[in-house]
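First residue of the sequence shown: 14, per our numbering; consecutive thereafter. Each residue gets a CB set at the ideal place from its N, CA and C atoms; glycine is no exception.
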Amino acid sequence: MADLRSDRPRIGVVGATGAVGTITLQLLRERGYDNVRVFASARSAGRQVAGLTVEEATPEALAAGDLDLCLFSVGTSASRELVPHAVRGGAVAIDKSAAYRLAPGVPLVVPEVNGARAAEHTGIVANPNCCAIPLTCALKPLHDAAGLRRVRVATYQSVSGAGAQAMEQLRGQPTELNDLRMDWDFDGVEFDEEEKLREETRKILELPDLPVSATCVRVPVLVGHAEAVWVETEDPLSAEQAIALLDDAPGIRLEQFPTPGRAAGGDDVLVGRIRADVTIENGLALFVVGDNLRKGAALNAIQIAELLLREQRVAA
Ligand SMILES: NC(=O)c1ccc[n+]([C@@H]2O[C@H](COP(=O)([O-])OP(=O)(O)OC[C@H]3O[C@@H](n4cnc5c(N)ncnc54)[C@H](OP(=O)(O)O)[C@@H]3O)[C@@H](O)[C@H]2O)c1
């Protein structure tokens, strides 16, 4: 069974050969975790990543009972299939796909925003969408101060959000082929990415009726998702007050002109262009950027793991 009180938790990284898995391994090493096994599909079994031999992520291997924590970044259908086996084997699974994010009873956690929810898990903690994480980091302090009435957001998402293969494709293609893409499932009205951003933001902030209108596009940038955000609050909040609140908020760094290039490789969510939106009452506009592979995925999941580890050690 999982022993989260151990000084050397046994960590499985499932999806270790992918864009998020690669960063997960780098961050685990930087943070001193050395009891790590790596898993991917049968295609990668036997390959070396970060000096470790890739194992095939079979139900049997994940359920064997010798892992305390499993960090999954394998895609939604593979997560649906594999996560329950890791949980059956006694591990706590932190899943970065959309498979469990909106499931009742599964906490959807951004440590700076609703970290206390992580403790309510019954085996699975879900890691939110890579735009929902930075967005909620920026919205939470504004909501606490003045109450959110409405949020509109337009995203500029990098190709690494679509995985390692998409990164390779962008690196290899002539620049004149670079274009915006809208490469998510479309239901005739909106992309599933836009629905995720709305529903996950509502769940994380515990505002089930919050009006959230999102338009998502993919831009030819390698790493870093940017979001133009327009907020209406219930009570008046000046740009100066918003700047002061965001300056104090955990995980956020104020920048005059935040860009994906400035966010990539760092842990902070960058927030800038904070100004009044004079077209509406109590309106604010801001620009939010995060490294989608780090805070948008790998780092947020490791921070969730560290919350659980800390809590178990304190309780012990
Ligand atoms: N990229 C981002 O910015 C981001 C942000 C937040 C969340 N996520 C989520 O994280 C997940 C992975 O994203 P990614 O960008 O890292 O994708 P990726 O680069 O395509 O990597 C996918 C990984 O999953 C493994 N995999 C695929 N099918 C598998 C299976 N049936 N069994 C075991 N392993 C399997 C692949 O192994 P092989 O190499 O063997 O094929 C690879 O290691 C997705 O759910 C995505 O939505 C991604």
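VAL244 and LEU75 have their C-alpha atoms some 43 Å from each other. The shortest C-alpha to C-alpha distance from ILE36 to any of SER226, ALA311 and HIS238 is the one to ALA311.
PRO273 and ARG44 have their C-alpha atoms spaced approximately 24 Å apart. With a cutoff of 7 Å, VAL122 does not count as near ligand 1, since its C-beta is closer than that to no heavy atom of the ligand.
Under the DSSP assignment, GLY296 falls outside any alpha helix (DSSP H), being part of the beta strand (DSSP E) whose first and last residues are 296-303. The alpha-carbon separation between ARG50 and LEU82 amounts to approximately 10 Å.
Here the C-alpha atom of ARG211 lies approximately 15 Å from the C-alpha atom of ALA241.
Classified as buried, VAL26 has 16 or more neighbouring CB atoms from the shown chains inside 10 Å of its CB. Pairwise C-beta distances place the segment 135-148 in contact with the segment 296-316, as three or more of them are shorter than 8 Å. By the beta-carbon neighbour count (other beta carbons within 10 angstroms, threshold 16), GLY303 is buried. Residue pairing from DSSP places ALA227 in a beta bridge opposite VAL166. Within the same chain, LEU40 come within 6 Å of ILE315 by CB-CB distance, once the 5 residues on both sides are set aside.
Between ligand 1 and the CB of GLN178, the shortest heavy atom gap is smaller than 7 Å. For GLY237, the distance from the CB to the nearest heavy atom of ligand 1 is not below 7 Å. In the three-state scheme derived from DSSP, where H, G and I count as helix and E and B as strand, ASP290 is classed as coil.
Taking all protein chains shown into account, THR246 has 16 or more neighbouring C-beta atoms within 10 Å of its C-beta and is therefore buried. The beta-carbon distance between GLU69 and ALA55, rounded to whole angstroms, is 5 Å. This is short enough to meet the 8 Å contact definition. Under DSSP, VAL242 forms a beta bridge with VAL166 and LEU299.
For the options ALA252, PRO221 and GLY31, the alpha carbon positioned closest to that of ALA159 is the one of ALA252. Setting aside the 5 residues that flank it on each side, LEU95 is surrounded in the same chain by VAL27, ALA70, PRO72, LEU75, PHE85 and VAL87, each with a C-beta closer than 8 Å to its C-beta; the list follows chain order.
At least one heavy atom of ligand 1 lies less than 7 Å from the C-beta of GLY31.
Cβ atoms of LEU121 and PRO141 come within 8 Å of each other, at about 5 Å. Residue environment analysis places ASP281 among the buried positions, since at least 16 neighbouring C-beta atoms fall within 10 angstroms of its C-beta.
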